[in-house]
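Visitor: I am attaching a structure below and will ask some questions about it afterwards.
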Amino acid sequence: MANENRSSHKCLLCDKRQLCFPNPFLKKNIIMKSIILFVLTVATLTSNAQTLLTPSKKSFDKRWIKNADYQMTWYALTDTAKFEMGKVTIQISTDKTNLIVVTQVSMKNMKTPWVDSTIANLKTLKPIRHSSYNMQRDMVLNFGKTVTGFYNDKMKKNIITVNDTTKVDYFDSNLYPFLIGWLPLDNNYKQDISIYDYNPSAKIGVIKASVKSVSSSTYQTDKNGIRDVWVVAVSDEIGNGENGVSTYYFDKEDRKLWKQEIDTNGRKMMMKLVE
């Protein structure tokens, strides 16, 4: 009785006389549906694959780039306590062709600040120059297909001439934390970013930063009430493979950075906007 709905006939698919589906096209339809499902699955996986973000007019939303001058307090966190380590002052300015970001880090136990300056093309954010000066080392990088400049290690009293050829485009690693706030953020947005970093004690060259997750939330400010924010978790390959993750809290209205949390192998820090 189990085969009462089948009949013996020559199958159009296998070309053999055997018990098979009474409708000779049914099996063919099933196979075709399976093929279509497979093709659609491959197409979906391909469309969801992340492409590496590199400098271009389409890689960011220019409306979020604005001249700004603000300060953040840098804290070290231990259990429920926090200790102020210093202040970070950020200046963002633009002219007709360039974006300039200057960062000064004033640590409580240091006499002179760490100063970093980044220049990039305003239309594409393609890096032009990065200079960095602090108590431990001085560095200047001039960007292009070949990165040139110098790295002066003051602790080891060693000056390295930089001459590094790259094969892919990239953002300056000093600029990419600001770039995060200029991306088309939305719930579940993810993106890998091509960046260049120079650190003789770690990695040199083009490496990757990754936006791991984006979620919608609120943030209680000190003086501006409750704000709607994008919470963005980001990791990068800067350093010695310490698997650091930074979580940014960007205002949805103007992409102002209210807070940044940093977690590197259990060492926790926080940067908070001075209102």
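First residue of the sequence shown? That's 1019 in the working numbering, and the numbers climb one at a time after it.
By construction, the Cβ of each residue, glycine as well, lies at the ideal position given by its N, Cα and C atoms.
Predicted, not measured: the structure shown is a model, and the values here were computed from it.
1. Would you say G1257 and A1220 are within 9 Å of each other, going by their C-beta atoms?
2. Got a sec? Which residues, its chain only, sit under 7 Å from M1125 by beta carbon, not counting five neighbours each side?
3. Have a look at F1078, S1074, P1073 and T1098 and flag the residue whose alpha-carbon is nearest the alpha-carbon of K1286.
4. Report, in whole angstroms, the separation of the C-beta atoms of P1073 and D1187, which I expect to be a contact under 8 Å.
5. Relative to the alpha-carbon of F1101, which residue among N1127, F1189 and V1120 has its alpha-carbon at the smallest distance?
6. For my contact list, I1213 and S1191 are in at a C-beta cut-off of 8 Å; report their separation, rounded to the angstrom.
7. On the DSSP letters alone, give me the boundaries of the alpha helix (DSSP H) that I1083 sits inside.
8. Should the region 1156 to 1166 be called in touch with the region 1197 to 1207, which here means at least 3 C-beta pairs below 8 Å?
9. Is the beta carbon of I1083 less than 9 Å from the beta carbon of T1112?
10. Which stretch, first to last residue, makes up the beta strand (DSSP E) that contains Y1110?
11. Under a Cβ-count criterion, where at least 16 other Cβ atoms within 10 Å of its own Cβ denotes burial, should D1240 be classed as buried or exposed?
12. Could you give the distance in angstroms between the alpha-carbon of T1091 and the alpha-carbon of V1292?
13. Could you work out which residue in N1152, F1189, G1162 and T1184 is closest to K1172 when comparing CA atoms only?
14. Go ahead and label Q1209 buried or exposed: buried means 16 or more other beta carbons lie within 10 angstroms of its beta carbon, across all protein chains shown.
15. Note down the Cα distance separating R1273 from D1281, rounded to an integer number of angstroms.
16. Considering only the alpha carbon of each residue, which of K1175, L1117, R1147 and K1174 lies closest to T1164?
17. DSSP has S1220 in a bridge; who is on the other side?
18. Please go through the same chain and pick out, in chain order, the residues whose beta-carbon is closer than 7 Å to the beta-carbon of W1248, but skip the five residues on each side of it.
19. If we call anything under 9 Å between Cβ atoms a contact, is T1265 one with A1251?
20. I'd like to check one pair, L1071 with I1211: are the Cβ atoms closer than 9 Å?
21. Could you check which residue in S1077, I1110, K1080 and K1076 has the C-alpha nearest to that of A1086?
22. For V1057 and V1123, what's the separation of their Cα atoms in angstroms?
Guide: According to the data block:
1. As a first step, residue 1257 must be located in the sequence shown, where it is residue number 239. As a first step, residue 1220 must be located in the sequence shown, where it is residue number 202. Note that the C-beta distance between G1257 and A1220 is below 9 Å.
2. For the purposes of this step, residue 1125 is identified with residue 107 of the sequence shown, where counting begins at 1. Around M1125: M1103 and G1104.
3. The residue labelled residue 1286 in the question sits at position 268 within the sequence shown. Distance from the Cα of K1286 is smallest, within the candidate group F1078, S1074, P1073 and T1098, for T1098.
4. For the purposes of this step, residue 1073 is taken as the residue at position 55 of the sequence shown. For the purposes of this step, residue 1187 is taken as the residue at position 169 of the sequence shown. Right, their Cβ atoms sit about 6 Å apart.
5. Your numbering for residue 1101 matches position 83 in the sequence shown. It is N1127.
6. Your numbering for residue 1213 matches position 195 in the sequence shown. Your numbering for residue 1191 matches position 173 in the sequence shown. Indeed, because the Cβ distance is near 5 Å, the residues count as touching under 8 Å.
7. The residue you call residue 1083 lines up with position 65 of the sequence shown. I1083: not part of any alpha helix (DSSP H); DSSP gives it neither H nor E.
8. The answer is no - the region 1197 to 1207 does not touch the region 1156 to 1166, with fewer than three Cβ pairs under 8 Å.
9. Your numbering for residue 1083 matches position 65 in the sequence shown. Your numbering for residue 1112 matches position 94 in the sequence shown. Yes, the pair counts as a contact, with Cβ atoms nearer than the cut-off.
10. In the sequence shown, the residue the question calls residue 1110 occupies position 92. The residue you asked about is not Tyr; residue 1110 is Ile in the sequence shown. For I1110, the enclosing beta strand (DSSP E) has its first and last residue at A1099 to T1112.
11. The residue given as residue 1240 occupies position 222 in the sequence shown. With fewer than 16 neighbouring CB atoms inside 10 Å of its own CB, D1240 falls in the exposed class.
12. For this step, residue 1091 is matched to residue 73 along the sequence shown. For this step, residue 1292 is matched to residue 274 along the sequence shown. Cα-Cα distance, rounded: 7 Å.
13. Taking the sequence shown and counting its residues from 1, the one referred to as residue 1172 is at position 154. For K1172, the closest of N1152, F1189, G1162 and T1184 by C-alpha to C-alpha distance is N1152.
14. Residue 1209 sits at position 191 when you count from the first residue of the sequence shown. Buried, because 16 or more other Cβ atoms sit within 10 Å of the Cβ of Q1209.
15. Here residue 1273 corresponds to residue number 255 of the sequence shown, with the count starting at 1. Here residue 1281 corresponds to residue number 263 of the sequence shown, with the count starting at 1. Their backbone Cα atoms lie some 22 Å apart in a straight line.
16. One-based indexing of the sequence shown puts residue 1164 at position 146. Minimum Cα-Cα distance from T1164 among the listed residues K1175, L1117, R1147 and K1174 corresponds to R1147.
17. Within the sequence shown, numbered from 1, the residue matching residue 1220 stands at position 202. Note that residue 1220 corresponds to Ala in the displayed sequence, not to Ser. According to DSSP, A1220 bridges with nothing at all.
18. Here residue 1248 corresponds to residue number 230 of the sequence shown, with the count starting at 1. Its chain contains L1203, V1232, S1234, F1268 and K1270 as the residues whose beta carbon lies nearer than 7 Å to that of W1248, once the 5 sequence neighbours on both sides are disregarded; these appear in chain order.
19. Within the sequence shown, the letter at position 247 stands for residue 1265. Within the sequence shown, the letter at position 233 stands for residue 1251. Less than 9 Å separates the beta-carbon of T1265 from that of A1251.
20. In the sequence shown, counting from the first residue as 1, residue 1211 sits at position 193. In the sequence shown, counting from the first residue as 1, residue 1071 sits at position 53. Yes; because the gap between Cβ atoms is below 9 Å, this pair is in contact.
21. Taking the sequence shown and counting its residues from 1, one reaches residue 1086 at position 68. Measuring C-alpha to C-alpha distances from A1086 to each of S1077, I1110, K1080 and K1076 identifies I1110 as the nearest.
22. As a working note, residue 1057 is residue 39 in the sequence shown. As a working note, residue 1123 is residue 105 in the sequence shown. Only weak support is given to the placement of V1057: the predicted model assigns it a pLDDT of 40, under 50, and the value that follows is read from those uncertain coordinates. Between V1057 and V1123, the C-alpha separation is close to 53 Å.
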